[in-house]
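Counting in my numbering, the sequence shown runs from -1 upward without gaps.
Some notes on the structure that comes next.
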Amino acid sequence: MTVPQLEKAEAFRALHEGAPFVIPNPWDAGSARALAELGFPALASSSGAFAETLGRSDGEVSLDEVVEHARVLDQATDLPVAMDLENGYGPEPRDAARAITRVAAVGAVGGSIEDWDRDGGFIYDIDRAAERVAAAAEAARALDFPFTLTGRAENHFRGNPDLDDTIRRLQAYEAAGADVVFAPAIRTEDEIRAICSAVSKPVNALAFPDTSMDRLVAAGAQRVSFGSWLWRVGARAATTAAGRIRETGDFSALAG
């Protein structure tokens, strides 16, 4: 029996009010099912991982393709699904709002809007970025279930490691209506701690191989995601095994 979207949305919202949790990032229906079977409580897409499955780079996928990806992930399991919506697939506030409405229509109960213009290759000024989050929040509030909106500040991920500006942005996105805030590529626990102490909304942290859940939670993170890391682990394992077979003709690499 399919879990109703309202029930998924309420469960996802409740996760942000309880114990800190890991939200892994599947890239297709099969990986979504595998992660669900491991007992994770919710799933989130990764724009980078999804793009790789199509043979493209992050930022080269259309809104129509992401909407279909949302439908596939939602139908794969009974878990809540949140979508990485990049900048909303257009520069205008209405584009961010449209992205929220469209993925919600196919089952998603959460999604993120970032401040990086993927076509222009720049970060929006803070007022413009907050206006876009506000439009997304308005679209989310118009739904008949509690859609969880994440506001993303891309500074560190885009080569501008200005923590003070990142904090100002996250505060602005919180004020604009974001339910969760996220600054990908924040690496140190001190930086995460500074962000968590500066906002009142739950903070998502991106996992890195050199940290742990305990350390991120101690710094204040409520939600921890993988981004495209898990996809890379799988792709690297597959290409390493295939390369060994090509070089040696020994199929033992298929044993894993």
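For each residue, glycine too, the CB sits at the ideal point set by N, CA and C.
Closest residue to residue i among the options (Cα-Cα distance)
i	options	result
P2	P144, I98, G119, D208	P144
I98	D62, A74, R234, D115	D62
L141	P200, R116, G247, V104	V104
G88	A102, R69, V222, F120	F120
L168	A183, T186, S198, F155	S198
E8	L77, D93, A95	L77
P24	Q73, P207, R130, T0	Q73
A176	E35, E50, A94	A94
G57	D115, F155, V231, A173	D115
D212	K6, L4, F19	F19
L52	D26, A32, F38	D26
R230	P207, F38, E245	P207
D117	R139, R185, N85, L4	N85
F224	L13, G157, A138, L33	L33
Cross-strand partners of residue i (DSSP beta bridge)
i	result
S60	Per DSSP, none; premise fails for S60.
A42	A80
F19	R221
D163	BP columns for D163 are empty, so no partner.
A203	V222
I121	W114
Same chain, Cβ closer than 6 Å to residue i, neighbours up to 5 away in sequence not counted
i	result
S226	S44, G46, A47
E15	none
V131	I111, G149, Y171, A174, A176
A196	I165
F38	P22
Cβ distance (whole Å) where residue i is taken to contact residue j below 8 Å
i	j	result
I190	A219	6 Å
L228	A239	Contact doesn't hold; Cβ gap of about 17 Å is too wide.
A128	A170	4 Å
D113	R69	The Cβ separation is near 26 Å, so there is no contact.
V215	V201	The pair is not a contact, with the Cβ atoms about 11 Å apart (cut-off 8 Å).
A183	L204	7 Å
A233	E187	Not really, about 29 Å apart at Cβ, beyond 8 Å.
Cβ shell of residue i (< 8 Å), same chain only, five flanking positions each side left out
i	result
A80	F10, I21, A40, L41, A42, S43, A106, V107, G108, G109, S110, T146, T148
D248	R242
V101	V64, V65, A68, M81, L83, G109
R166	I124
E136	A95, G175
S60	Y87
R156	W114, I121
Span of the beta strand (DSSP E) around residue i
i	result
T148	146 to 150
S195	Not the beta strand (DSSP E): S195 falls in the alpha helix (DSSP H), residues 187 to 196.
S264	Lying outside -1 to 254, the shown extent of the chain, residue 264 is not represented and no answer is given.
7 Å Cβ shell around residue i - same chain, five flanking residues per side excluded
i	result
P159	N153
D163	N153
E66	none
M(-1)	Low local confidence applies: a pLDDT of 49 at M(-1) is under 50, so the model's placement there is unreliable, and no value is given.
A30	P24, L41, L71, A74, T75
A133	P91, R92, A94, A95
S55	A49
First through last residue of the alpha helix (DSSP H) which encompasses residue i
i	result
E112	Counting along the chain, E112 falls outside any alpha helix (DSSP H), though it belongs to the beta strand (DSSP E) covering 108 to 112.
I243	227 to 246
L13	3 to 13
V178	Counting along the chain, V178 falls outside any alpha helix (DSSP H), though it belongs to the beta strand (DSSP E) covering 178 to 180.
P24	Careful: P24 lies outside any alpha helix (DSSP H) and carries neither H nor E.
V215	211 to 216
D93	91 to 103
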